[in-house]
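K.L.:
One line per chain: the protein sequences are A and B, in this order.
Under this note's numbering, the first sequence has 44 at position 44, and the numbering climbs by one with no breaks.
Under this note's numbering, the second sequence has 82 at position 82, and the numbering climbs by one with no breaks.
For every residue, glycine included, the Cβ atom is placed at its ideal position computed from N, Cα and C.
Please read all numbers here as calculations on a predicted model, not as lab measurements.
Mind having a look at this structure? Questions to follow.
There are 2 protein chains.
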Amino acid sequence: MSESSTLRPTRQRRAITEALAGASDFQSAQDIHDSLRQAGEKVGLATVYRTLQAMADAGEVDVLQGSGGESAYRRCSTHHHHHLVCRSCGRTVEVTGPAVESWAEAVARDHDFAEVSHSLELFGICADCRQQ
Amino acid sequence: MSESSTLRPTRQRRAITEALAGASDFQSAQDIHDSLRQAGEKVGLATVYRTLQAMADAGEVDVLQGSGGESAYRRCSTHHHHHLVCRSCGRTVEVTGPAVESWAEAVARDHDFAEVSHSLELFGICADCRQQ
DNA sequence: CTCCGATTGAGAGTCAGTCTCAATCTACCG
DNA sequence: CGGTAGATTGAGACTGACTCTCAATCGGAG
Ligand SMILES: [Zn+2]
Ligand SMILES: [Zn+2]
Ligand SMILES: [Zn+2]
Ligand SMILES: [Zn+2]
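Printed below as a string of structure tokens:
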């Protein structure tokens, strides 16, 4: 109805999509820009930011708000889910919580809030990182 | 037991604490700096940032990571809880979710992650904002 | 009152991310 | 095919939030 009409598959966009597909953990825009550089693909930083933002808006990637105000992106499955991230190595696991979803709705109803969304992430240390 | 020894209750710190106590919703460092200015209290911006950060570390205030990378602070009750925030007016309600807490622990256990913490916030439109 | 480390603040610096706009690319058309 | 409108790109300027630096000041233990 409004946007999908215009989305050209350019070399840059393809490169970014590929870089995203090749990593399983969250990466910042700068990380992606660097790895593209490393791979020989010349893509402007602004383009990386723009593309990532667009993909996030389109729901093609998930965004993780880093504590330092920087965002990290990750190619994720399309259904609603959350993440369990290792604070040490960044390893990420997708998790779902039906109980959480219904709790959120109940809380919203109780307080008479509408159009409720939520952000939820779990952080810890994975088994591998723990043992040395 | 270890550090608390050095925390002088200066005019600036008192002013910031008071400003925080006077507001019930999340406020950015800049917001607080402005309101202090308005109130005639001259406090440097750097001091506001430093103090807020310290209070957050000490668990005296909760921090809400704004989507734009800015942090907002709020004087909160000390026990573990989450927030339901109005996207329109900022009205904030503290909420607790026993179900969520136990779900988080279970998920962590299932994936063998340790020292798990979580961030969870709910956003919506409050009743007042909805009706005009 | 004295002294010393804690605190402050003006201003420079950092850094992620955004904007500007001319050059470039693409899809589509005749 | 060449032509064209509109999408896309990228170098570099810019923004805005936040941190650092360091000399001047403060506060309270003795
Ligand atoms: Zn790990
Ligand atoms: Zn959810
Ligand atoms: Zn509201
Ligand atoms: Zn919780």
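Residues of chain A with CB closer than 7 Å to the CB of residue 115(B), please, in chain order.
P.N.:
For this step, residue 115(B) is matched to residue 115 along the second sequence. Under the 7 Å cutoff, chain A gives 124 and 125.
K.L.:
When you compare the CB of residue 84(B) with every CB in chain A, is at least one pair closer than 7 Å?
P.N.:
By 1-based counting over the second sequence, the position of residue 84(B) is 84. Cβ-Cβ to chain A under 7 Å: yes for residue 84(B).
K.L.:
Measure the C-alpha to C-alpha separation of residue 1(B) and residue 53(B) and round it to an integer number of angstroms.
P.N.:
Locating residue 1(B) in the second sequence gives position 1, where the first residue counts as 1. Locating residue 53(B) in the second sequence gives position 53, where the first residue counts as 1. The predicted position of residue 1(B) is uncertain, since its pLDDT is 42 and thus under 50; no value can be drawn from it.
K.L.:
How about residue 109(A): is its Cβ closer than 6 Å to a heavy atom in ligand 3?
P.N.:
Walking along the first sequence from the start, residue 109(A) turns up at place 109. Outside the cutoff, so no.
K.L.:
At a threshold of 6 Å, does residue 88(B) count as lining ligand 3 (C-beta to nearest heavy atom)?
P.N.:
Locating residue 88(B) in the second sequence gives position 88, where the first residue counts as 1. Under cutoff, so the answer is yes.
K.L.:
Cβ atoms of residue 82(B) and residue 95(B): under 7 Å apart, would you say?
P.N.:
As a first step, residue 95(B) is located in the second sequence; it is residue number 95 there, counting from the start. As a first step, residue 82(B) is located in the second sequence; it is residue number 82 there, counting from the start. Closer than 7 Å, so yes.
K.L.:
Taking only three categories from DSSP, how would you classify residue 132(B)?
P.N.:
Within the second sequence, the letter at position 132 stands for residue 132(B). Here residue 132(B) sits in coil by DSSP.
K.L.:
According to DSSP, residue 123(A) sits in a beta bridge with which residue or residues?
P.N.:
Sequence index remark: in the first sequence, residue 123(A) carries index 123 (1-based). The partner list for residue 123(A) (beta bridge, DSSP) reads 85(A) and 117(B).
K.L.:
With distance defined between alpha-carbon atoms, name the residue in 22(A), 41(A) and 35(A) nearest to residue 10(A).
P.N.:
Sequence index remark: in the first sequence, residue 10(A) carries index 10 (1-based). Cα-wise, what sits closest to residue 10(A) is 41(A).
K.L.:
At 8 Å on the CB atoms, spell out the chain A contacts of residue 58(B), in chain order.
P.N.:
Numbered from 1 along the second sequence, position 58 holds the residue referred to as residue 58(B). The premise fails here: residue 58(B) is roughly 17 Å from chain A at the closest Cβ pair, so nothing lies under 8 Å.
K.L.:
Leaving out five residues before and five after residue 119(B) in sequence, what residues of the same chain have Cβ atoms less than 7 Å from its Cβ?
P.N.:
Position 119 of the second sequence, counting from 1, holds the residue named residue 119(B). Closer than 7 Å at Cβ, skipping near neighbours: no residue.
K.L.:
Note down the Cα distance separating residue 23(B) from residue 105(B), rounded to an integer number of angstroms.
P.N.:
Translated into positions along the second sequence, residue 23(B) becomes position 23. Translated into positions along the second sequence, residue 105(B) becomes position 105. Cα-Cα distance, rounded: 33 Å.
K.L.:
Could you give the distance in angstroms between the alpha-carbon of residue 108(A) and the alpha-carbon of residue 116(A)?
P.N.:
Translated into positions along the first sequence, residue 108(A) becomes position 108. Translated into positions along the first sequence, residue 116(A) becomes position 116. Going by the C-alpha atoms only, they are around 7 Å apart.
K.L.:
How is the alpha helix (DSSP H) around residue 72(B) delimited, first residue to last?
P.N.:
What you label residue 72(B) is simply residue 72 of the second sequence in a count that begins at 1. Taken as a continuous stretch (DSSP letters only), residue 72(B) belongs to no alpha helix (DSSP H), being part of the beta strand (DSSP E) at 71 to 75.
K.L.:
Identify which residue in 16(B), 26(B) and 63(B) has its Cα closest to the Cα of residue 88(B).
P.N.:
Here residue 88(B) refers to the residue found at position 88 when the second sequence is read from its first residue. Looking at the Cα atoms, 26(B) is the closest of the given residues.
K.L.:
Enumerated in chain order, which unbroken segments of the alpha helix (DSSP H) with a length of 4 residues or greater are wholly contained in the segment 22 to 66 of chain A?
P.N.:
Correct list: 29 to 38 and 45 to 57.
K.L.:
What separation, rounded to the nearest whole angstrom, lies between the Cα atoms of residue 33(B) and residue 15(B)?
P.N.:
In the second sequence, residue 33(B) corresponds to position 33, counting from 1. In the second sequence, residue 15(B) corresponds to position 15, counting from 1. So the two alpha carbons sit approximately 10 Å from each other.
K.L.:
When the Cα of residue 84(B) is compared with those of 102(B), 64(B), 98(B) and 68(B), which residue comes out closest?
P.N.:
As a first step, residue 84(B) must be located in the second sequence, where it is residue number 84. The shortest C-alpha separation from residue 84(B) is found at 64(B).
K.L.:
Any heavy atom of ligand 4 within a distance shorter than 6 Å of the CB on residue 101(B)?
P.N.:
Against the second sequence, residue 101(B) aligns to sequence position 101. Residue 101(B) Cβ: within cutoff of ligand 4.
K.L.:
If I measure Cβ to Cβ from residue 97(B) and keep anything under 7 Å in the same chain, skipping five residues before and after, which residues do I get?
P.N.:
Mapped onto the second sequence, residue 97(B) falls at position 97. Result list for residue 97(B): 82, in chain order.
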